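Just so you know, we're using our numbering here: the sequence shown kicks off at 267 and counts up by one.
Glycine is no exception: its CB is placed at the ideal position from the N, C-alpha and C atoms.
Please read all numbers here as calculations on a predicted model, not as lab measurements.
Everything below concerns the one structure shown next.
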Amino acid sequence: MLTALAFALALGLAFFVVKPLLAAGTDEGTLPVDVTLETDLKRRRLVVYDNIQDLEFEYRARKIAPQDYQTLRETYTTEAAHLISESHEVDRQSTEEAFIEREVAARRVRRKAEVVPDYTCPKCGFENPLPVKFCGECGAKLGVRD
Ligand SMILES: [Zn+2]
267 MLTALAFALA
277 LGLAFFVVKP
287 LLAAGTDEGT
297 LPVDVTLETD
307 LKRRRLVVYD
317 NIQDLEFEYR
327 ARKIAPQDYQ
337 TLRETYTTEA
347 AHLISESHEV
357 DRQSTEEAFI
367 EREVAARRVR
377 RKAEVVPDYT
387 CPKCGFENPL
397 PVKFCGECGA
407 KLGVRD
């Protein structure tokens with residue numbers, strides 16, 4: 267009993283210690299716990315855009331040879347295009363998921379609206395929980411409907 271109490275107390279303490287750490291993670295530069303594929307793709311895309319901007323700047327400042335500039339620019343552009351199409355794919359998938367979820371929800375509503383077979387005994391009023399021909403309480407014959 268006492269050990270269970272101590273355990274529960276330790277668990278509660280651990281929760282209060284860990285919780286602010288998790289919350290702080292999103293504000294600082296550390297990787298947030300709930301990073302999704304979508305946000306990760308966006309972050310990577312922004313990094314590539316940054317790289318392209320830096321490259322343009324260095325090229326205009328003549329810090330980089332034209333040939334190197336062309337090669338790097340092509341690499342970055344290809345990567346950006348790749349990341350964009352990946353983002354579109356993720357978008358498409360989440361749209362499909364939303365569609366499926368809506369369909370399932372609509373089907374659930376329809377199923378609920380369907381008439382549930384009633385096995386309530388007309389003689390004693392007992393609500394038989396299973397499809398039965400005779401009342402489980404008084405043995406009267408039930409008019410089976412479906
Ligand atoms: Zn009955």
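Query	Result
V375, enclosing alpha helix (DSSP H) - first and last residue	332-379
Beta-carbon proximity check, Y325 vs Y315, cutoff 8 Å	no
Exposed unless 16 or more other CB atoms sit within 10 angstroms - verdict on C404	exposed
For F392, the three-state DSSP class (helix, strand or coil)	coil
Contacting residues, own chain, Cβ-Cβ under 8 Å from N394 (five flanking each side not counted)	Y385, T386, C387, C401, G402, E403, L408
Beta-carbon gap between V356 and E322 smaller than 8 Å	no
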